[in-house]
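What follows is a set of notes on a single structure, which appears directly below.
There are 2 protein chains.
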Amino acid sequence: MKRVSVTIKEIAKALDVSKSTVSRALRDSSEISSETRRKVMELAEKLNYYPNPIAISLLKNRTQTIGVIVPDIANRFYSSAIGGVEDIAYSRGYHTMIYQSHELLERELSASRHIASRRVDGLVVAISSQSENIDHFVALQEQGIPVVFFDRVSDAMQTHKVRVDDYKGAFEATEHLIQRGCRRIAHIAGPEKVSITRFRLEGYKDALRKHGIAFQEEWVRHSEITQAGGTERTYQLMALRERPDAIFGASDRITMGVHWALRQLGYKMPDDVAVIGFCDLAMSSLLDPPVSSVTQPSFEMGQQATSLLLDLIESKSTPAEYETRVLRSNLVINKSSLREIVGS
Amino acid sequence: MKRVSVTIKEIAKALDVSKSTVSRALRDSSEISSETRRKVMELAEKLNYYPNPIAISLLKNRTQTIGVIVPDIANRFYSSAIGGVEDIAYSRGYHTMIYQSHELLERELSASRHIASRRVDGLVVAISSQSENIDHFVALQEQGIPVVFFDRVSDAMQTHKVRVDDYKGAFEATEHLIQRGCRRIAHIAGPEKVSITRFRLEGYKDALRKHGIAFQEEWVRHSEITQAGGTERTYQLMALRERPDAIFGASDRITMGVHWALRQLGYKMPDDVAVIGFCDLAMSSLLDPPVSSVTQPSFEMGQQATSLLLDLIESKSTPAEYETRVLRSNLVINKSSLREIVGS
DNA sequence: CTGAAAGCGCTTACAG
DNA sequence: CTGAAAGCGCTTACAG
Numbered sequence: 006m007k008r009v010s011v012t013i014k015e016i017a018k019a020l021d022v023s024k025s026t027v028s029r030a031l032r033d034s035s036e037i038s039s040e041t042r043r044k045v046m047e048l049a050e051k052l053n054y055y056p057n058p059i060a061i062s063l064l065k066n067r068t069q070t071i072g073v074i075v076p077d078i079a080n081r082f083y084s085s086a087i088g089g090v091e092d093i094a095y096s097r098g099y100h101t102m103i104y105q106s107h108e109l110l111e112r113e114l115s116a117s118r119h120i121a122s123r124r125v126d127g128l129v130v131a132i133s134s135q136s137e138n139i140d141h142f143v144a145l146q147e148q149g150i151p152v153v154f155f156d157r158v159s160d161a162m163q164t165h166k167v168r169v170d171d172y173k174g175a176f177e178a179t180e181h182l183i184q185r186g187c188r189r190i191a192h193i194a195g196p197e198k199v200s201i202t203r204f205r206l207e208g209y210k211d212a213l214r215k216h217g218i219a220f221q222e223e224w225v226r227h228s229e230i231t232q233a234g235g236t237e238r239t240y241q242l243m244a245l246r247e248r249p250d251a252i253f254g255a256s257d258r259i260t261m262g263v264h265w266a267l268r269q270l271g272y273k274m275p276d277d278v279a280v281i282g283f284c285d286l287a288m289s290s291l292l293d294p295p296v297s298s299v300t301q302p303s304f305e306m307g308q309q310a311t312s313l314l315l316d317l318i319e320s321k322s323t324p325a326e327y328e329t330r331v332l333r334s335n336l337v338i339n340k341s342s343l344r345e346i347v348g349s
Numbered sequence: 006m007k008r009v010s011v012t013i014k015e016i017a018k019a020l021d022v023s024k025s026t027v028s029r030a031l032r033d034s035s036e037i038s039s040e041t042r043r044k045v046m047e048l049a050e051k052l053n054y055y056p057n058p059i060a061i062s063l064l065k066n067r068t069q070t071i072g073v074i075v076p077d078i079a080n081r082f083y084s085s086a087i088g089g090v091e092d093i094a095y096s097r098g099y100h101t102m103i104y105q106s107h108e109l110l111e112r113e114l115s116a117s118r119h120i121a122s123r124r125v126d127g128l129v130v131a132i133s134s135q136s137e138n139i140d141h142f143v144a145l146q147e148q149g150i151p152v153v154f155f156d157r158v159s160d161a162m163q164t165h166k167v168r169v170d171d172y173k174g175a176f177e178a179t180e181h182l183i184q185r186g187c188r189r190i191a192h193i194a195g196p197e198k199v200s201i202t203r204f205r206l207e208g209y210k211d212a213l214r215k216h217g218i219a220f221q222e223e224w225v226r227h228s229e230i231t232q233a234g235g236t237e238r239t240y241q242l243m244a245l246r247e248r249p250d251a252i253f254g255a256s257d258r259i260t261m262g263v264h265w266a267l268r269q270l271g272y273k274m275p276d277d278v279a280v281i282g283f284c285d286l287a288m289s290s291l292l293d294p295p296v297s298s299v300t301q302p303s304f305e306m307g308q309q310a311t312s313l314l315l316d317l318i319e320s321k322s323t324p325a326e327y328e329t330r331v332l333r334s335n336l337v338i339n340k341s342s343l344r345e346i347v348g349s
């Protein structure tokens, strides 16, 4: 199909002035007669003229568009973060292009290539769990396209980062379970290479240590961020000779799997097994029993990452130093972890 | 920050040939000596040269990018459909830009404007519930940017459409409830103006009629596609003097609200109230009891809409006639509607 | 206040 | 096989 649009040239010809004059009139330059401006504006309006942003991009080498890469847009944590990105981008006059990596390095590479070649002005990313190597993001940065990380960050690159206090969130969740009388607390962690997995695991371990509970390797299982992963690990855990009396899941998907598996197996929550998750469980209240969870300010993370990014884009120079913002998580207690406290 | 990239000009200068020659060598034109081609390719490789797609877009008036507008990417139905869009687009060499309307006409207008001005090659849309007027899509089409509708379609515009057999899905769901002995079947429908709402409502009514059950206005409630909407309508329905013995929800979000409200109110599913939803409830099995539902091939809808769109984009002329594809929905029975059948 | 000219990065008839 | 030139739609010093 053929595309039709009005150009500056046609307006110039119709009004018998030069393209330069039309351009100036449209951009409201000061050095133009109000009479000319009026005529140009009127005709532009009438012809429904819009400047071709592609031409402007070619000229300015700027597109007023930023990219976002997340593992999976269907994940509420990420879709909410994208909401935050759009919020800030929109209000500062930028558009947003959304990419999903599906946790695949290959897709992340393809998105990076698209971003580089389409001259997107900057990028907000939560790194795919499969991406141990992040040279593609370093390359973007060197090419002058700033990159800001959120949620899943990496030490392998100097830039702004926004994350949640995973360590503390995990520590508090674990301590809460201990306070409710649990002693055999299992942790279904995320993929091993991911930054947040390590932070959460540390928080879990340190809470055990603080309360004099021995850490047991077999009670920690790594899993993909899927319901199936949570289910399978729960089966493994409950099959152990010494079975856990609590399970702390590293994400909402995983925790949904835990919940499902425990129900299948006929365990009561919280009495047989107390359960707590990690993420913003909007749907947590739908489950029976409703699930306790460490909630994260996902929308705000998107906002902050974007605002840091736009600052980078709009500043002429590389900042003296990069910033890592650590936001607070929040412990929301529900029935799934609310055991009767027995004894001491 | 400043952007650096290699251009054709620099390659030409380094090799002491013309830009034309470099361009031809890169595009592997036939009229070029293999020696020159080799030299150019080598240097391009070494300098990490990529053609500037913005320049090419300006030239060809094509961007190899399509847009998708959905009400809400966090909704599984839409995120899955987007997966289908990406699948086809990717395999045919196109990129995808995702927009959310958040069910707001204003956001839909802003996305349409961006699409028009960025010269996106085409658009796949599920119309926002707030958009009674779709002139903005007609305008895109007239401007030469083809638009294909899926899920939420409109009669106000001639184009390809892909939808599910909502009428039949609703008919079967309602009939199933009747067969399980329900007689006072309520329907929480979607927003009034939306096409699928009407089709589903018709299916519901016709199933009642077929089985000689009188239709009652007060048992149909319109709601937004939210959990809160489903909850509130359920309260209203259960407060009626003659309360329903079954509720058929028009979407998964709504049905989640129904489920929650019934649990809060202490009704047993399916014995007090049988429940059935409409959408691909991946999470349906997580609820207790698991929810029956009319499932839709969302991924496939995205694929088909995109493949129709790309055909439009790549054909030179307007097609003789537009096509409306109606896909099959599927009834998945779970405990929430599985009542004991009493008597005949 | 207005216009002619150059240029953003590329492609492609048109000559040779 | 190669180069010079025009052009995609726009902006902006540079002259006047």
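So the protein lines, in turn, are chains A and B.
Each residue of the first sequence is one higher than the one before, counting from 6 in this note's numbering.
Each residue of the second sequence is one higher than the one before, counting from 6 in this note's numbering.
All C-beta atoms in this analysis are idealised placements derived from N, C-alpha and C, irrespective of residue type, glycine included.
Using a Cβ-Cβ cut-off of 8 angstroms, state whether residue i counts as contacting chain A.
i, result
"B/TYR55", "yes"
"B/MET46", "no"
"B/SER297", "no"
If the criterion is Cβ atoms closer than 8 angstroms, does the pair residue i and residue j meet it?
i, j, result
"B/HIS100", "A/HIS119", "yes"
"B/SER62", "A/ILE150", "no"
"A/LEU114", "A/LEU128", "no"
"A/HIS181", "A/ILE338", "yes"
"A/ILE259", "A/ILE230", "yes"
"A/ARG124", "A/ASN66", "yes"
"B/GLY88", "B/PHE304", "yes"
"A/ILE16", "A/LEU48", "yes"
"B/ALA251", "B/ALA191", "yes"
Under 8 angstroms, Cβ to Cβ, is there at least one residue of chain B near residue i?
i, result
"A/SER25", "no"
"A/ASP293", "yes"
"A/LYS7", "Because the pLDDT at A/LYS7 is just 48, under 50, the model does not fix this residue reliably, and the value given afterwards should be weighed accordingly. Yes, because at least one Cβ of chain B sits closer than 8 angstroms to the Cβ of A/LYS7."
"A/LEU109", "no"
"A/LEU63", "yes"
"A/MET243", "no"
"A/ILE59", "yes"
"A/SER349", "The predicted position of A/SER349 is uncertain, since its pLDDT is 48 and thus under 50; no value can be drawn from it."
"A/SER289", "no"
"A/ALA103", "Reading off the sequence, residue 103 of chain A comes out as Ile, not Ala. Taking Cβ atoms only, chain B reaches closer than 8 angstroms to A/ILE103, which makes this a yes."
"A/HIS165", "no"
"A/HIS264", "yes"
"A/SER28", "no"
Residue i touches chain A at which residues, Cβ-Cβ below 8 angstroms?
i, result
"B/ARG268", "ASP293"
"B/GLN85", "According to the sequence provided, residue 85 of chain B is Ser. The question's Gln does not apply to it. Residues of chain A passing the Cβ test: ALA79."
If you follow the alpha helix (DSSP H) that residue i is part of, which residue opens it and which one closes it?
i, result
"A/ARG118", "110-122"
"B/GLY307", "303-319"
"A/MET243", "232-243"
"A/MET261", "257-270"
Along chain B, which residues have their Cβ under 8 angstroms away from the Cβ of residue i?
i, result
"A/ILE230", "Within chain B, no residue comes near A/ILE230; the closest Cβ sits about 14 angstroms away, beyond 8 angstroms."
"A/SER10", "GLN148"
"A/ILE13", "Within 8 angstroms Cβ-Cβ: nothing; A/ILE13 doesn't reach chain B, min ~14 angstroms."
Anything in chain A within Cβ reach of residue i, meaning under 9 angstroms, just list it in chain order.
i, result
"B/TRP224", "What B/TRP224 touches in chain A: nothing, since even the nearest Cβ is about 24 angstroms away."
Terminal residues of the continuous beta strand (DSSP E) containing residue i?
i, result
"A/LYS24", "That residue, A/LYS24, is in no beta strand (DSSP E); its alpha helix (DSSP H) goes 24-31."
"A/VAL299", "297-300"
"A/ILE193", "190-194"
"B/GLY72", "70-75"
"B/ILE252", "251-254"
"B/HIS216", "B/HIS216 -> no beta strand (DSSP E), and no H or E assigned at all."
Residue i versus chain A: which residues are under 7 angstroms apart at the beta carbon?
i, result
"B/HIS100", "HIS119"
"B/SER122", "TYR55 and PRO58"
Practice prompt. Can you give me, in chain order, the residues of the region 125-159 of chain A that have a beta carbon less than 8 angstroms from any beta carbon in chain B?
Written response: Result list: GLN148, GLY149, ILE150 and PRO151.
Worksheet entry | Near-chain B residues of the region 299-332 of chain A (beta-carbon distance less than 8 angstroms), N- to C-terminal order | LEU317, ILE318, SER320, LYS321, SER322 and THR323
Worksheet item: Which of the residues in the region 245-262 of chain A, read from start to end, lie with their CB under 8 angstroms from any CB of chain B?
Response: MET261
Practice prompt. Return the residues of the region 68-82 of chain B that lie within a Cβ-Cβ distance of less than 7 angstroms from chain A, sorted by chain order.
Written response: Under the 7 angstroms Cβ criterion, the region 68-82 of chain B contributes ILE78, ALA79 and ARG81.
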